[in-house]
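Please read the structure below before turning to the comments.
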Amino acid sequence: SSSRLRIIATNDFHGALEPRPDAAGVVRGGAAYMATAIETAVRACAPPCETILLDAGDMFQGTPASNLAFGRPVVELYNRLGYAAAALGNHEFDWGTDTLRALMRQAHFGIFAANVRYADGRDVEWIPNDTLVRRGALTVGIIGVADVQTPRTTLAASVAELRFDDPAPIVDSIARVLRGRGAQAVIVIAHEGAFCDRDGATNCHGEIVDLANALTEPVDAIVSGHTHSFVDAVVHGTPVVQARRSGQAIDILDLDVGVGSRATLPHAATVRDVVSDSLAPSPGVDSLVRRAVAAVAERMDRPVATIAAAMPKKGEQYALGNLLADAQRWAVRSDVAVMNNGGIRAPLRAGAATYGTLFEIQPFANVLDRLTVTGSELRSYLERVVGGTGEPRSHVSGVVVRYDPTRPVGSRILSAVMADGKELTPSAVYTIGMNDFMVSTGEGVALARAARKVETTSVSDLDALTRYLSSRPQPVAPPDSVRLIARTP
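Going by the numbering used here, the first residue of the sequence shown is number 234, and it counts up by one from there.
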(Lines of atoms letter the chains of each structure in order from A; the text may use other names.)
(Lines give C-alpha, C1' and ligand atoms only; values in the text may rest on other atoms or scores of the structure.)
Protein backbone atom coordinates (compact mmCIF):
# COMPACT_ATOMS: atom_id res chain seq x y z
CA SER A 234 0.00 0.00 0.00
CA SER A 235 1.25 3.48 -0.75
CA SER A 236 1.54 6.48 1.53
CA ARG A 237 1.69 10.10 0.58
CA LEU A 238 4.69 12.24 1.48
CA ARG A 239 4.07 15.99 1.51
CA ILE A 240 7.26 18.02 1.13
CA ILE A 241 6.90 21.59 2.43
CA ALA A 242 9.89 23.79 1.68
CA THR A 243 11.34 27.29 1.83
CA ASN A 244 14.54 28.89 0.56
CA ASP A 245 16.55 32.11 0.89
CA PHE A 246 14.75 33.27 4.03
CA HIS A 247 17.55 35.83 4.63
CA GLY A 248 16.48 36.64 8.19
CA ALA A 249 13.15 38.10 6.96
CA LEU A 250 11.32 37.84 10.27
CA GLU A 251 8.96 40.76 9.49
CA PRO A 252 6.62 41.10 6.49
CA ARG A 253 7.58 43.64 3.81
CA PRO A 254 5.66 45.37 1.00
CA ASP A 255 6.67 44.36 -2.53
CA ALA A 256 7.04 46.85 -5.42
CA ALA A 257 3.25 46.88 -5.88
CA GLY A 258 2.63 47.53 -2.16
CA VAL A 259 1.38 43.98 -1.43
CA VAL A 260 2.67 42.93 2.00
CA ARG A 261 4.38 39.55 1.73
CA GLY A 262 6.27 37.12 3.93
CA GLY A 263 7.01 37.48 7.63
CA ALA A 264 7.87 34.52 9.83
CA ALA A 265 4.52 34.46 11.69
CA TYR A 266 2.60 34.34 8.38
CA MET A 267 4.98 31.83 6.78
CA ALA A 268 4.47 29.67 9.88
CA THR A 269 0.67 29.79 9.40
CA ALA A 270 1.04 28.79 5.74
CA ILE A 271 3.27 25.86 6.77
CA GLU A 272 0.91 24.79 9.59
CA THR A 273 -2.06 24.94 7.18
CA ALA A 274 -0.23 22.75 4.66
CA VAL A 275 0.63 20.26 7.41
CA ARG A 276 -2.97 20.08 8.67
CA ALA A 277 -4.30 19.50 5.14
CA CYS A 278 -2.16 16.36 4.85
CA ALA A 279 -4.62 13.73 6.12
CA PRO A 280 -3.41 10.15 6.91
CA PRO A 281 -1.97 8.14 5.32
CA CYS A 282 0.01 11.30 4.59
CA GLU A 283 3.28 12.37 6.23
CA THR A 284 4.95 15.78 6.04
CA ILE A 285 8.57 16.85 5.94
CA LEU A 286 9.77 20.47 6.19
CA LEU A 287 12.96 21.43 4.32
CA ASP A 288 14.96 24.55 3.40
CA ALA A 289 17.36 25.22 0.50
CA GLY A 290 19.76 27.58 2.28
CA ASP A 291 20.64 31.26 2.93
CA MET A 292 18.60 31.34 6.12
CA PHE A 293 20.26 33.89 8.38
CA GLN A 294 21.79 36.86 6.57
CA GLY A 295 19.92 40.03 5.71
CA THR A 296 18.00 41.90 8.44
CA PRO A 297 19.06 43.71 11.63
CA ALA A 298 17.03 41.43 13.93
CA SER A 299 18.81 38.38 12.53
CA ASN A 300 22.26 39.77 11.74
CA LEU A 301 22.89 41.58 15.01
CA ALA A 302 22.18 38.26 16.80
CA PHE A 303 24.24 36.35 14.18
CA GLY A 304 21.25 34.35 12.91
CA ARG A 305 20.12 32.96 16.27
CA PRO A 306 16.46 34.13 15.93
CA VAL A 307 16.19 32.21 12.64
CA VAL A 308 17.56 29.03 14.25
CA GLU A 309 15.00 29.49 17.04
CA LEU A 310 12.25 29.94 14.40
CA TYR A 311 13.30 26.89 12.36
CA ASN A 312 13.61 24.75 15.50
CA ARG A 313 10.09 25.77 16.52
CA LEU A 314 8.63 25.02 13.08
CA GLY A 315 10.25 21.57 13.04
CA TYR A 316 12.52 21.69 9.99
CA ALA A 317 14.06 18.31 9.16
CA ALA A 318 17.01 19.59 7.13
CA ALA A 319 18.47 22.61 5.33
CA ALA A 320 21.03 23.04 2.57
CA LEU A 321 24.19 25.06 3.16
CA GLY A 322 23.79 28.43 1.41
CA ASN A 323 26.70 30.66 0.38
CA HIS A 324 25.61 33.35 2.87
CA GLU A 325 25.79 30.82 5.70
CA PHE A 326 29.54 31.55 5.58
CA ASP A 327 29.23 35.35 5.90
CA TRP A 328 30.23 35.48 9.58
CA GLY A 329 33.00 32.88 9.24
CA THR A 330 33.04 29.17 9.94
CA ASP A 331 33.15 29.52 13.76
CA THR A 332 29.77 31.31 13.80
CA LEU A 333 28.36 28.85 11.25
CA ARG A 334 29.43 25.89 13.40
CA ALA A 335 27.85 27.51 16.48
CA LEU A 336 24.57 27.94 14.59
CA MET A 337 24.75 24.30 13.45
CA ARG A 338 25.12 23.21 17.07
CA GLN A 339 22.03 25.24 18.08
CA ALA A 340 19.92 23.88 15.21
CA HIS A 341 17.71 20.83 15.88
CA PHE A 342 18.07 20.00 12.17
CA GLY A 343 21.11 19.23 10.03
CA ILE A 344 22.58 21.73 7.55
CA PHE A 345 23.82 19.60 4.66
CA ALA A 346 26.24 19.91 1.73
CA ALA A 347 27.60 16.70 0.20
CA ASN A 348 29.77 18.47 -2.36
CA VAL A 349 31.94 20.46 0.06
CA ARG A 350 35.45 19.07 0.55
CA TYR A 351 38.74 20.26 1.95
CA ALA A 352 41.21 21.46 -0.70
CA ASP A 353 42.98 18.06 -0.49
CA GLY A 354 39.72 16.23 -1.26
CA ARG A 355 38.86 14.99 2.24
CA ASP A 356 35.23 15.24 3.35
CA VAL A 357 34.57 18.09 5.81
CA GLU A 358 33.76 16.40 9.12
CA TRP A 359 31.51 19.20 10.44
CA ILE A 360 29.38 19.55 7.27
CA PRO A 361 27.10 16.48 6.97
CA ASN A 362 26.29 15.15 3.48
CA ASP A 363 22.96 13.37 3.88
CA THR A 364 20.52 11.84 6.33
CA LEU A 365 17.69 9.31 6.60
CA VAL A 366 14.53 10.64 8.26
CA ARG A 367 11.59 8.51 9.47
CA ARG A 368 8.09 9.88 8.91
CA GLY A 369 5.50 7.38 10.14
CA ALA A 370 6.10 4.21 8.11
CA LEU A 371 8.19 6.10 5.54
CA THR A 372 11.96 6.36 5.30
CA VAL A 373 13.10 9.50 3.46
CA GLY A 374 16.65 10.16 2.27
CA ILE A 375 17.85 13.77 2.07
CA ILE A 376 21.01 14.97 0.28
CA GLY A 377 22.31 18.55 0.61
CA VAL A 378 24.14 20.49 -2.09
CA ALA A 379 26.04 23.79 -1.78
CA ASP A 380 26.46 26.16 -4.72
CA VAL A 381 29.68 25.50 -6.64
CA GLN A 382 30.03 29.30 -7.01
CA THR A 383 30.24 29.81 -3.21
CA PRO A 384 33.95 30.84 -3.25
CA ARG A 385 32.93 33.70 -5.56
CA THR A 386 29.75 34.70 -3.68
CA THR A 387 30.99 34.94 -0.10
CA LEU A 388 34.17 36.41 1.42
CA ALA A 389 37.11 34.36 0.15
CA ALA A 390 38.71 34.10 3.60
CA SER A 391 35.66 32.27 5.01
CA VAL A 392 35.98 29.36 2.57
CA ALA A 393 39.71 29.47 1.84
CA GLU A 394 40.36 25.86 2.87
CA LEU A 395 37.20 24.45 1.25
CA ARG A 396 36.42 23.13 -2.23
CA PHE A 397 32.93 23.09 -3.81
CA ASP A 398 32.76 20.15 -6.23
CA ASP A 399 30.40 19.29 -9.09
CA PRO A 400 27.44 17.79 -7.21
CA ALA A 401 26.04 15.41 -9.87
CA PRO A 402 28.32 12.35 -9.38
CA ILE A 403 28.22 12.86 -5.59
CA VAL A 404 24.40 12.98 -5.50
CA ASP A 405 24.26 9.87 -7.73
CA SER A 406 26.51 7.86 -5.43
CA ILE A 407 24.71 8.94 -2.23
CA ALA A 408 21.22 8.35 -3.72
CA ARG A 409 22.26 4.76 -4.48
CA VAL A 410 23.52 4.26 -0.91
CA LEU A 411 20.41 5.80 0.68
CA ARG A 412 18.09 3.55 -1.35
CA GLY A 413 20.24 0.58 -0.29
CA ARG A 414 19.67 1.67 3.31
CA GLY A 415 15.89 1.62 2.84
CA ALA A 416 14.99 5.12 1.59
CA GLN A 417 11.64 4.97 -0.20
CA ALA A 418 12.05 8.55 -1.40
CA VAL A 419 15.23 10.57 -1.99
CA ILE A 420 15.05 14.37 -1.93
CA VAL A 421 17.85 16.77 -2.92
CA ILE A 422 17.94 20.15 -1.15
CA ALA A 423 20.27 22.38 -3.12
CA HIS A 424 21.43 25.98 -2.84
CA GLU A 425 21.54 26.18 -6.63
CA GLY A 426 18.83 27.75 -8.71
CA ALA A 427 17.21 28.47 -12.03
CA PHE A 428 15.17 31.03 -13.88
CA CYS A 429 12.05 29.98 -15.79
CA ASP A 430 9.29 31.77 -17.69
CA ARG A 431 6.52 33.39 -15.63
CA ASP A 432 4.73 30.05 -15.19
CA GLY A 433 7.77 28.69 -13.33
CA ALA A 434 7.76 25.63 -15.59
CA THR A 435 8.93 26.47 -19.11
CA ASN A 436 12.29 27.58 -20.53
CA CYS A 437 14.06 26.87 -17.23
CA HIS A 438 17.83 27.33 -17.21
CA GLY A 439 20.48 27.46 -14.50
CA GLU A 440 22.66 25.32 -12.25
CA ILE A 441 19.82 23.26 -10.77
CA VAL A 442 18.52 22.38 -14.25
CA ASP A 443 22.04 21.27 -15.22
CA LEU A 444 22.22 19.15 -12.06
CA ALA A 445 18.80 17.53 -12.65
CA ASN A 446 19.77 16.71 -16.23
CA ALA A 447 23.15 15.28 -15.19
CA LEU A 448 21.80 12.82 -12.60
CA THR A 449 21.76 9.14 -13.58
CA GLU A 450 20.26 7.82 -10.32
CA PRO A 451 16.58 8.62 -9.77
CA VAL A 452 15.78 11.27 -7.16
CA ASP A 453 12.17 12.04 -6.30
CA ALA A 454 12.25 15.81 -5.82
CA ILE A 455 14.68 18.73 -5.86
CA VAL A 456 14.14 21.74 -3.59
CA SER A 457 16.24 24.59 -5.00
CA GLY A 458 17.33 28.05 -3.87
CA HIS A 459 19.86 30.84 -4.45
CA THR A 460 18.22 32.56 -7.43
CA HIS A 461 15.23 33.96 -5.45
CA SER A 462 12.99 32.83 -8.31
CA PHE A 463 9.72 31.00 -8.90
CA VAL A 464 10.39 27.44 -10.08
CA ASP A 465 7.68 24.79 -10.33
CA ALA A 466 8.98 22.54 -13.08
CA VAL A 467 9.69 18.94 -14.00
CA VAL A 468 13.26 18.50 -15.28
CA HIS A 469 14.44 15.12 -16.59
CA GLY A 470 11.41 13.54 -14.89
CA THR A 471 12.16 15.12 -11.49
CA PRO A 472 10.01 17.87 -9.93
CA VAL A 473 12.09 20.97 -9.12
CA VAL A 474 10.66 23.77 -6.95
CA GLN A 475 11.78 27.16 -5.58
CA ALA A 476 9.62 29.61 -3.60
CA ARG A 477 11.06 33.03 -4.40
CA ARG A 478 12.71 34.48 -1.27
CA SER A 479 12.29 35.92 2.25
CA GLY A 480 9.34 33.68 3.18
CA GLN A 481 7.21 35.24 0.40
CA ALA A 482 6.07 31.75 -0.66
CA ILE A 483 6.32 28.09 0.33
CA ASP A 484 6.64 24.96 -1.80
CA ILE A 485 4.12 22.12 -1.35
CA LEU A 486 4.96 18.93 -3.20
CA ASP A 487 3.07 15.64 -2.77
CA LEU A 488 4.66 12.29 -3.64
CA ASP A 489 3.08 8.84 -3.63
CA VAL A 490 5.60 6.61 -1.92
CA GLY A 491 5.73 2.82 -1.87
CA VAL A 492 4.49 2.08 -5.39
CA GLY A 493 7.41 0.41 -7.16
CA SER A 494 10.98 1.54 -6.60
CA ARG A 495 10.50 5.29 -6.65
CA ALA A 496 7.92 7.83 -5.61
CA THR A 497 5.46 9.19 -8.15
CA LEU A 498 3.89 12.59 -8.43
CA PRO A 499 0.10 12.32 -8.23
CA HIS A 500 -0.46 15.99 -9.10
CA ALA A 501 1.48 19.15 -9.74
CA ALA A 502 3.54 20.85 -7.09
CA THR A 503 2.39 24.24 -5.93
CA VAL A 504 4.31 27.28 -4.85
CA ARG A 505 1.90 29.02 -2.50
CA ASP A 506 2.27 32.77 -1.91
CA VAL A 507 2.48 34.06 1.66
CA VAL A 508 0.40 37.27 1.51
CA SER A 509 0.21 38.67 5.02
CA ASP A 510 -3.27 40.23 4.89
CA SER A 511 -4.90 36.91 3.91
CA LEU A 512 -3.37 34.89 6.77
CA ALA A 513 -3.53 35.12 10.56
CA PRO A 514 -0.09 35.29 12.22
CA SER A 515 0.96 32.21 14.19
CA PRO A 516 0.93 33.47 17.82
CA GLY A 517 4.04 31.72 19.17
CA VAL A 518 6.11 32.75 16.17
CA ASP A 519 4.71 36.28 16.32
CA SER A 520 6.05 36.70 19.87
CA LEU A 521 9.45 35.27 18.83
CA VAL A 522 9.60 37.88 16.03
CA ARG A 523 8.58 40.72 18.37
CA ARG A 524 11.33 39.77 20.83
CA ALA A 525 14.00 39.64 18.12
CA VAL A 526 12.90 42.96 16.59
CA ALA A 527 12.59 44.70 19.99
CA ALA A 528 16.16 43.69 20.84
CA VAL A 529 17.51 45.87 18.02
CA ALA A 530 14.74 48.50 17.79
CA GLU A 531 16.56 51.36 19.48
CA ARG A 532 19.45 51.21 17.03
CA MET A 533 17.27 50.51 14.01
CA ASP A 534 14.63 53.21 14.54
CA ARG A 535 17.22 56.01 14.57
CA PRO A 536 16.36 58.41 11.72
CA VAL A 537 19.23 59.08 9.32
CA ALA A 538 17.82 61.10 6.41
CA THR A 539 14.70 61.99 4.43
CA ILE A 540 14.47 60.55 0.92
CA ALA A 541 12.76 62.74 -1.71
CA ALA A 542 11.63 59.93 -4.04
CA ALA A 543 11.62 56.14 -3.96
CA MET A 544 14.69 54.42 -5.41
CA PRO A 545 13.63 50.94 -6.58
CA LYS A 546 15.90 48.22 -7.99
CA LYS A 547 14.80 48.04 -11.63
CA GLY A 548 16.93 46.60 -14.41
CA GLU A 549 20.70 46.76 -13.81
CA GLN A 550 21.32 50.57 -13.79
CA TYR A 551 19.30 52.62 -11.29
CA ALA A 552 19.54 55.65 -8.99
CA LEU A 553 20.03 53.62 -5.79
CA GLY A 554 23.18 52.00 -7.18
CA ASN A 555 24.53 55.42 -8.13
CA LEU A 556 23.76 56.67 -4.62
CA LEU A 557 25.69 53.81 -2.97
CA ALA A 558 28.67 54.36 -5.28
CA ASP A 559 28.57 58.11 -4.51
CA ALA A 560 28.47 57.41 -0.76
CA GLN A 561 31.49 55.12 -1.00
CA ARG A 562 33.53 57.54 -3.13
CA TRP A 563 32.72 60.30 -0.61
CA ALA A 564 33.54 58.12 2.42
CA VAL A 565 36.94 56.88 1.21
CA ARG A 566 37.82 60.11 -0.65
CA SER A 567 38.63 58.29 -3.89
CA ASP A 568 38.51 59.49 -7.51
CA VAL A 569 36.17 56.66 -8.50
CA ALA A 570 33.99 54.12 -6.69
CA VAL A 571 32.29 50.96 -7.93
CA MET A 572 29.37 49.12 -6.30
CA ASN A 573 28.42 45.55 -7.29
CA ASN A 574 24.68 45.08 -7.86
CA GLY A 575 24.67 41.74 -5.99
CA GLY A 576 25.43 43.66 -2.77
CA ILE A 577 22.33 45.88 -3.08
CA ARG A 578 19.72 43.88 -1.19
CA ALA A 579 16.59 46.06 -0.88
CA PRO A 580 15.02 49.16 -2.46
CA LEU A 581 15.05 52.57 -0.73
CA ARG A 582 11.58 53.93 -0.03
CA ALA A 583 10.63 57.62 -0.06
CA GLY A 584 10.26 59.43 3.27
CA ALA A 585 12.15 58.80 6.50
CA ALA A 586 15.15 56.50 6.11
CA THR A 587 16.12 54.90 9.42
CA TYR A 588 19.31 53.03 10.23
CA GLY A 589 17.22 49.85 9.94
CA THR A 590 15.92 50.54 6.42
CA LEU A 591 19.47 51.35 5.25
CA PHE A 592 20.78 48.21 6.97
CA GLU A 593 18.52 46.05 4.80
CA ILE A 594 19.99 47.61 1.65
CA GLN A 595 23.54 46.81 2.78
CA PRO A 596 23.40 44.06 5.44
CA PHE A 597 26.78 42.42 4.84
CA ALA A 598 29.03 44.76 6.84
CA ASN A 599 31.53 44.82 3.98
CA VAL A 600 34.51 47.08 4.67
CA LEU A 601 35.58 49.58 2.02
CA ASP A 602 39.04 49.40 0.45
CA ARG A 603 40.88 52.07 -1.54
CA LEU A 604 43.06 50.95 -4.44
CA THR A 605 45.73 53.10 -6.10
CA VAL A 606 45.94 52.26 -9.81
CA THR A 607 47.17 53.73 -13.10
CA GLY A 608 44.74 55.18 -15.61
CA SER A 609 45.35 52.29 -17.98
CA GLU A 610 44.55 49.74 -15.23
CA LEU A 611 41.39 51.68 -14.34
CA ARG A 612 40.37 51.77 -18.00
CA SER A 613 40.85 48.02 -18.48
CA TYR A 614 38.80 47.43 -15.29
CA LEU A 615 36.01 49.65 -16.68
CA GLU A 616 36.21 47.61 -19.90
CA ARG A 617 35.39 44.54 -17.79
CA VAL A 618 32.46 46.39 -16.18
CA VAL A 619 30.91 47.08 -19.61
CA GLY A 620 32.12 43.81 -21.16
CA GLY A 621 29.15 41.57 -20.36
CA THR A 622 25.96 40.90 -22.25
CA GLY A 623 23.10 43.25 -21.39
CA GLU A 624 23.43 46.19 -19.00
CA PRO A 625 26.49 46.39 -16.71
CA ARG A 626 25.88 44.81 -13.29
CA SER A 627 27.82 47.43 -11.34
CA HIS A 628 27.36 51.13 -10.61
CA VAL A 629 30.13 53.74 -10.81
CA SER A 630 30.76 57.14 -9.27
CA GLY A 631 33.31 59.74 -10.37
CA VAL A 632 33.43 58.72 -14.03
CA VAL A 633 31.02 58.76 -16.97
CA VAL A 634 31.73 55.97 -19.47
CA ARG A 635 30.34 55.93 -23.02
CA TYR A 636 30.71 52.55 -24.69
CA ASP A 637 29.64 50.59 -27.74
CA PRO A 638 28.23 47.15 -26.77
CA THR A 639 28.61 45.93 -30.38
CA ARG A 640 32.40 46.24 -30.25
CA PRO A 641 34.61 43.33 -29.15
CA VAL A 642 34.98 42.83 -25.40
CA GLY A 643 38.01 44.80 -24.16
CA SER A 644 37.67 47.62 -26.71
CA ARG A 645 34.17 48.92 -26.04
CA ILE A 646 34.91 52.21 -24.26
CA LEU A 647 34.50 55.29 -26.47
CA SER A 648 35.22 57.81 -23.69
CA ALA A 649 35.71 57.87 -19.92
CA VAL A 650 35.31 61.35 -18.45
CA MET A 651 36.35 61.96 -14.83
CA ALA A 652 34.51 64.18 -12.32
CA ASP A 653 36.77 67.15 -13.19
CA GLY A 654 35.57 66.96 -16.80
CA LYS A 655 38.88 65.59 -18.13
CA GLU A 656 39.27 62.37 -20.09
CA LEU A 657 40.83 59.46 -18.17
CA THR A 658 44.62 59.64 -18.72
CA PRO A 659 46.40 56.24 -19.08
CA SER A 660 49.62 57.46 -17.41
CA ALA A 661 47.92 59.27 -14.49
CA VAL A 662 47.36 57.69 -11.06
CA TYR A 663 43.84 57.32 -9.64
CA THR A 664 42.24 55.94 -6.50
CA ILE A 665 39.19 53.67 -6.62
CA GLY A 666 36.92 52.67 -3.72
CA MET A 667 35.12 49.32 -3.54
CA ASN A 668 34.03 46.85 -0.88
CA ASP A 669 36.30 44.07 0.38
CA PHE A 670 34.05 41.39 -1.13
CA MET A 671 34.75 42.78 -4.61
CA VAL A 672 38.47 43.09 -3.88
CA SER A 673 38.91 39.58 -2.44
CA THR A 674 36.34 37.55 -4.35
CA GLY A 675 34.34 39.49 -6.90
CA GLU A 676 35.09 41.42 -10.04
CA GLY A 677 37.84 43.58 -8.51
CA VAL A 678 40.33 40.76 -7.86
CA ALA A 679 42.45 41.36 -10.98
CA LEU A 680 42.49 45.13 -10.38
CA ALA A 681 43.57 44.61 -6.76
CA ARG A 682 46.42 42.35 -7.94
CA ALA A 683 47.62 45.03 -10.36
CA ALA A 684 47.17 47.93 -7.91
CA ARG A 685 50.17 49.85 -6.54
CA LYS A 686 48.49 49.98 -3.16
CA VAL A 687 45.41 48.41 -1.52
CA GLU A 688 44.39 50.06 1.76
CA THR A 689 41.53 49.03 3.99
CA THR A 690 39.71 52.11 5.28
CA SER A 691 37.93 50.20 8.10
CA VAL A 692 34.74 52.08 7.07
CA SER A 693 31.81 49.73 6.47
CA ASP A 694 29.57 50.17 3.43
CA LEU A 695 26.62 50.87 5.76
CA ASP A 696 28.50 53.53 7.74
CA ALA A 697 29.53 55.18 4.47
CA LEU A 698 25.88 55.27 3.38
CA THR A 699 24.45 56.59 6.67
CA ARG A 700 27.13 59.30 7.04
CA TYR A 701 26.80 60.38 3.42
CA LEU A 702 22.99 60.60 3.53
CA SER A 703 22.96 62.57 6.78
CA SER A 704 25.56 65.00 5.35
CA ARG A 705 23.45 65.83 2.25
CA PRO A 706 20.87 68.62 1.91
CA GLN A 707 17.49 67.13 2.91
CA PRO A 708 15.41 65.62 1.44
CA VAL A 709 17.98 63.62 -0.55
CA ALA A 710 17.12 63.43 -4.25
CA PRO A 711 17.88 60.32 -6.35
CA PRO A 712 21.08 60.72 -8.41
CA ASP A 713 19.40 59.93 -11.70
CA SER A 714 22.27 60.65 -14.10
CA VAL A 715 23.28 57.68 -16.24
CA ARG A 716 26.99 56.99 -15.86
CA LEU A 717 27.49 53.91 -18.03
CA ILE A 718 26.04 54.98 -21.36
CA ALA A 719 25.65 52.50 -24.19
CA ARG A 720 25.76 53.85 -27.75
CA THR A 721 22.47 52.95 -29.38
CA PRO A 722 22.51 52.14 -33.10
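Glycine is no exception: its CB is placed at the ideal position from the N, C-alpha and C atoms.
So, are the CB atoms of residue i and residue j less than 8 angstroms apart?
| i | j | result |
| --- | --- | --- |
| Gly738 | Met292 | Only positions 234 to 722 of the chain appear in this structure, which leaves residue 738 out of reach. |
| Val464 | Val473 | yes |
| Thr690 | Val565 | yes |
| Gly433 | Arg562 | no |
| Ala552 | Pro402 | no |
| Glu676 | Asn573 | yes |
| Gln550 | Leu657 | no |
| Gly576 | Phe670 | yes |
| Leu615 | Leu238 | no |
| Ala570 | Ile594 | no |
| Gly369 | Glu283 | yes |
| Asp568 | Glu688 | no |
| Arg478 | Asp245 | yes |
| Ala317 | Val381 | no |
| Ala560 | Ile422 | no |
| Leu236 | Leu371 | Note that residue 236 is Ser in the sequence shown here, rather than Leu. For Ser236 and Leu371, yes; Cβs fall inside 8 angstroms. |
| Ala541 | Val709 | yes |
| Glu450 | Arg385 | no |
My guess is that residue i and residue j are in contact by the Cβ rule of under 8 angstroms, so how many angstroms apart are they, rounded?
| i | j | result |
| --- | --- | --- |
| Ile455 | Thr471 | 6 angstroms |
| Ala270 | Arg635 | With a Cβ gap of about 49 angstroms, Ala270 and Arg635 do not count as contacting. |
| Thr490 | Ala418 | Looking at the sequence shown, residue 490 is not Thr but Val. That pair is a contact at about 5 angstroms. |
| Gly620 | Ser660 | So it is not a contact: roughly 23 angstroms between Cβ atoms. |
| Leu321 | Gly290 | 6 angstroms |
| Ala543 | Arg582 | 5 angstroms |
| Asp637 | Arg645 | 6 angstroms |
| Tyr588 | Arg524 | Actually they are not in contact, since the Cβ atoms of Tyr588 and Arg524 sit about 20 angstroms apart, beyond 8 angstroms. |
| His628 | Gly554 | 3 angstroms |
| Val259 | Val508 | 6 angstroms |
So, at 6 angstroms on beta carbons, what are the nonlocal neighbours of residue i in its own chain, with the 5 sequence-adjacent residues on each side left out?
| i | result |
| --- | --- |
| Asp255 | Arg261 |
| Ser299 | Gly248, Phe293, Pro306, Val307 |
| Thr332 | Phe303 |
| Gly329 | Ser391 |
| Leu611 | Tyr663 |
| Ala264 | Leu250, Leu310, Val518, Val522 |
| Asn312 | His341 |
| Val442 | Ala427, Val468 |
| Arg617 | none |
| Arg685 | Thr605 |
| Asn599 | Asn668, Asp669, Phe670, Asp694 |
| Glu440 | Glu425 |
| Pro297 | Val529, Met533, Gly589, Phe592 |
Is it buried or exposed for residue i, if we count other Cβ within 10 angstroms and need 16 for buried?
| i | result |
| --- | --- |
| His438 | exposed |
| Gln707 | exposed |
| Ala242 | buried |
| Val715 | exposed |
| Leu287 | buried |
| Tyr351 | exposed |
| Ala585 | exposed |
| Leu556 | buried |
| Gln339 | exposed |
| Asn323 | buried |
| Ser520 | exposed |
| Ala652 | exposed |
| Gly343 | buried |
| Arg682 | exposed |
| Asn436 | exposed |
| Leu647 | exposed |
| Gly354 | exposed |
| Gly295 | buried |
| Ser515 | buried |
| Gly631 | buried |
Who are the near neighbours of residue i in its chain, counting only those whose CB is closer than 7 angstroms to its CB and skipping five residues on each side?
| i | result |
| --- | --- |
| Leu591 | Val537, Leu695, Leu698, Thr699 |
| Leu512 | Tyr266, Thr269, Ala270 |
| Ala719 | Tyr636, Pro638 |
| Asp510 | Val260 |
CB-CB under 8 angstroms to residue i, same chain, minus the five flanking residues each way: which ones, in chain order?
| i | result |
| --- | --- |
| Ile420 | Ile240, Ile285, Leu287, Val373, Gly374, Ile375, Ile376, Val452, Asp453, Ala454, Ile455, Val456 |
| Ala347 | Asn362, Asp363, Ile376, Gly377, Val378, Pro400, Ile403, Val404, Ile407 |
| Phe326 | Leu333, Thr383, Thr387, Leu388, Ser391, Val392 |
For the ligand ADP, is there any heavy atom lying closer than 7 angstroms to the beta carbon of residue i?
| i | result |
| --- | --- |
| Gly517 | This structure simply doesn't include the ligand ADP, nor any ligand for that matter. |
Continuous beta strand (DSSP E) assignments of at least 3 residues falling wholly in the region 629 to 653: 632 to 636, 646 to 651
If you scan the region 553 to 631 from start to end, which runs of the alpha helix (DSSP H) of 4 or more residues do you find wholly inside it? 588 to 594, 608 to 618
Of all the alpha helix (DSSP H) runs that stay within the bounds of the region 429 to 454, which reach a length of 4 or more residues? 440 to 447
Threshold first: 4 residues or longer. Then list the alpha helix (DSSP H) segments lying entirely within the region 285 to 368, N to C. 297 to 300, 305 to 314, 329 to 339
Alpha helix (DSSP H) segments (min. 4 residues) lying fully within the region 386 to 427: 400 to 413
Runs of 3 residues minimum, wholly inside the region 671 to 706: which ones carry the beta strand (DSSP E) assignment? 686 to 693
Please give me, in chain order, every unbroken run of the beta strand (DSSP E) with length at least 3 that falls completely inside the region 452 to 539. 454 to 457, 463 to 468, 471 to 476, 482 to 490, 503 to 506
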